[in-house]
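For what it's worth, UniProt numbering labels the leading residue of the sequence shown as 1, then goes sequentially.
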Amino acid sequence: MVNYGHRLEFGTFITPTNQSPQTPVALAQLSEQLGFDVVTFQDHPYQPAFLDTWTLLTWVAAQTSRVRLSANVHSIPLRTPAVLARAAASLDLLSDGRAELGIGAGGFWDAIEAMGGRRLTPGESVQALSEAIDVIRALWDVDARGGARVGGDFYRLDGAKRGPAPKHPIPLWIGALKPRMLRLIGEKGDGWLPSLPYLEPGDLKRGNAIIDEAARETGRDPREIRRLLNIGGRFGASRTGFLQGTSQDWVDDLLPLVVEDGIGTFIVMGDDPRTMQQFAEEVIPALRAAVDDAVPAGSAGERIRPAAALAARREGIDYDGVPASLRDSAVEPGDPDYRTVRGGYLRGGSPGLVLRPSSTAEVVEALAYARRHPDLPLGIRSGGHGISGRSTNNGGMVIDVGRLDRIEVLDESQRLVRIGAGARWMDVATALAPHGWALSSGDYGGVGVGGLATAGGIGFLSRSHGLTIDHLRAVEVVLADGSVVRASETEHPDLFWAVRGAGGNFGIVTSFDFVVDEVGEVGWGQLTQVPENVADYLVGWGAAVEGAPRDFTSFLIMGPPRNGQPAIAQTYSVVESSDPDVVVARLQEIASIAPLYDQEVTIRPYASIMQNAAGPAHVSTGEPLAHSGLIEHITPEFAAAVAAALSSGAIHFFQIRAVGGAVSDVPADATAYAHRSANFSVSAMGAHVQRLAEAWATLQPFFSGLYISFETDQSAEVLAAAFPPATLERLGELKDRYDPDNVFRHNFNVAPTTATAAVAT
């Protein structure tokens, strides 16, 4: 028996006829409706009766939503590999990861020569295809440094720009039969794609043996290579030959190909809708059931990591012990997805394992597994945008709750909503908008709910509606011991108090129940000004904010003066009013402080303001340095210190966010976020530890606390600044109760006070 453990898949092989251009499109759509996994098309550009296959693939991608798409196969002599690589990656991005790539060395040489191609010897064909594969992979490898370089006789790259990267790792399926080509598949391919009509008895076994031997010789696991097979036949009332008979006859004929020859994908050739339908409805389910009984992994298969990926595993992690429910979604350093999950928006990293649970039960399993590795750092991630928290690490584990992103209305009359910890705030704003609701939630839509809603949540509606945590009514939390509890004012109220401001210390919050606000269209103003005097500008801006009604919230961003040019001030302000006169009046208070170089003032839904994180999440490679402080007023003395600190060049990003207003209405001891009297939250980022520290030290005397989301220093002194003594003492007592082993220590950590916290290092 030869079975490679692949998931059993099925596809169709459709003729790209131009006689009726919509026919292949309709057949592709039918394939999707019937549940096929992949749709493939011939690619013979010298055939005047055929549509161009790349054009057809693109059109079909737009007309379908699930099925994967590929040529069967592209002739490399007629498809320049560099162009093919970028076309495939583009189609993959546009189709949300549904492009596959079938390639071959070329056949029908008379036609190829007629189109300007050169007839190649068998040896040249192997070399040309090998070089083409190198070119394709080099252009997709956007993480490699420098331009792509491939030295070849047929195809070469001399420092070509890489990219775009595909949405998913596009497999290279190679159509070939000759021994040297089969060896190439074993060395470099991801799949073998022969056609049954061209095979002699025993060819599959012989081909598999050659591929497997070549794979092992190059350090690969033969299971990395999927075995596909184009098949054709006819359904009938009784058997008349191989794949000529009833549906059960087809099952009986195909089962040995799976069990004995390792075929993982059957692609049905032909354009007959009735054959497609009968195969989908009668053969596929029966064959899956038969395979379930015949091979250990069944028709579902098993996840197969390449040998190179296994070699990238880190010491000290029991990879084989990952719970079954998390195995398929877990990401290791050698996996293709690793580049997108290794770090966050501002912080790079290289964790040894990223677990991605999709339910609370799986979070419990992930945490139990992580606790079996007590000496490794553990990061908890929602959106991955955090500055202060350790949502990534080096060599440890990350539990990424990004898949817990459900947003649902629990009680419309009470405006009560439940939001998963992995949802992004831009998606929350979009979901609430049709109801005329909003929830103050920072200033960037790509931030995850979990991190912000356990730290505080200073946003564009803070002065009118308070912090994000002020709208919390309950949370579901997975505690360090694996128990799942609901915390609210009446259930575990002490835990509920702690979660609102220091939640990262006490568990993994999986969902939040919020009461949201009725918010209509708002005024949105972006003003760019060049202050003649930075200190005077800061004082004027602070006074304008403090003196404004609560319907006005403004954020200020500045950088250092550069190349002899003055510092530039940018303000982002929300006026909770749709009256143009009110909006202009509020913004005029700031616009009049300094010359105005640019402006954008609109009346728009709050949700549109939060749509500022389009595209895939950015993954950083650095380590942010940031400091945070809370201040009552922007005094002339503080403003002068800021101006001097900016002039030093140590600070490359400086921000002040308005707080006050409704935030100050909440008693200081009502939540773990205790500095309720502050009117402003100040943060600064830099690139040099010592220089930033020296500049920040000049501002430190003015602060009366700090906001943990913007602080990377996690020393005891900074912890004391974040939480007043009574708050910190209470948090320590609760840490003793809920996390005495300090499992959740790799963040802005409140350590237990008991002796059991020996693992707190």
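Beta carbons: idealized from backbone N, C-alpha and C, even for Gly.
From residue i to residue j, what distance separates their C-alpha atoms?
i	j	result
R68	A28	10 Å
T698	Y537	19 Å
R216	I458	56 Å
V663	V25	57 Å
E711	D481	28 Å
R500	G402	20 Å
T756	H746	With a pLDDT of 47 at T756, under the threshold of 50, the predicted position of this residue should be treated as unreliable, and no value is reported.
G159	Y198	40 Å
A758	A62	Any answer about A758 is weak, because its pLDDT of 40 lies below 50 and its placement is not dependable; what the coordinates show is given next. Rounded to the nearest angstrom, the two C-alpha atoms are 57 Å apart.
L182	Y444	51 Å
L172	G106	15 Å
T761	L157	Its pLDDT being 35, under 50, T761 is placed unreliably by the model, and the measurement read from it follows with that caveat. Approximately 49 Å between the Cα atoms of the pair.
Q33	I284	14 Å
A311	D221	12 Å
Y4	D713	50 Å
G395	D736	27 Å
D517	R390	31 Å
A308	P560	46 Å
S70	D96	14 Å
G660	G547	11 Å
residue 845	L461	With the chain running from 1 to 761 in the structure shown, residue 845 is simply not present.
V689	V642	18 Å
Q278	L255	17 Å
I think residue i touches residue j, with their Cβ atoms under 8 Å apart; what is that distance to the nearest whole Å?
i	j	result
V522	V575	6 Å
N505	F744	5 Å
I469	G456	6 Å
L353	M397	5 Å
R288	L8	6 Å
P166	D92	4 Å
V447	R424	7 Å
G491	T360	Note that residue 491 corresponds to Glu in the displayed sequence, not to Gly. E491 to T360, Cβ: 16 Å. No contact.
A421	V750	Between V750 and A421 the Cβ distance is about 20 Å, and since that is not below 8 Å, they are no contact.
Quick one: grab the DSSP three-state call for residue i.
i	result
residue 792	In this structure the chain extends from 1 to 761, so residue 792 is not present and cannot be described.
N394	strand
residue 776	This structure does not reach residue 776, given that the chain is present from 1 up to 761, and the question cannot be answered.
Y707	coil
H435	helix
L229	strand
T756	Annotation note: pLDDT 47 at T756 (below 50); position unreliable, coordinate value reported separately. Coil.
S359	coil
E518	strand
V60	helix
L196	helix
A160	strand
N742	coil
R206	helix
R7	coil
I387	coil
S75	strand
A148	strand
According to DSSP, residue i sits in a beta bridge with which residue or residues?
i	result
D598	T528
A684	H627, F654
V575	G523, F552
F13	T40, M269
V484	V478
Q570	T528, I557
D513	R418, A474
G102	W173
Q278	Looking at the DSSP assignment, Q278 forms no beta bridge with any residue, so it has no partner.
R424	G448
Give a yes or no on whether the C-beta atoms belonging to residue i and residue j are separated by under 8 Å.
i	j	result
V73	D52	no
residue 770	A132	Given that the chain is displayed from residue 1 to residue 761, the structure contains no residue 770 and the question cannot be resolved.
L646	G705	no
G542	F653	no
D551	S577	yes
L416	V484	no
D203	R226	no
D153	Q127	yes
Q655	L556	yes
L452	G442	yes
G379	S620	no
Nearest chain C C-beta to residue i closer than 8 Å, yes or no?
i	result
D318	Among the chains in the structure shown there is no chain C, since it carries only a single protein chain.
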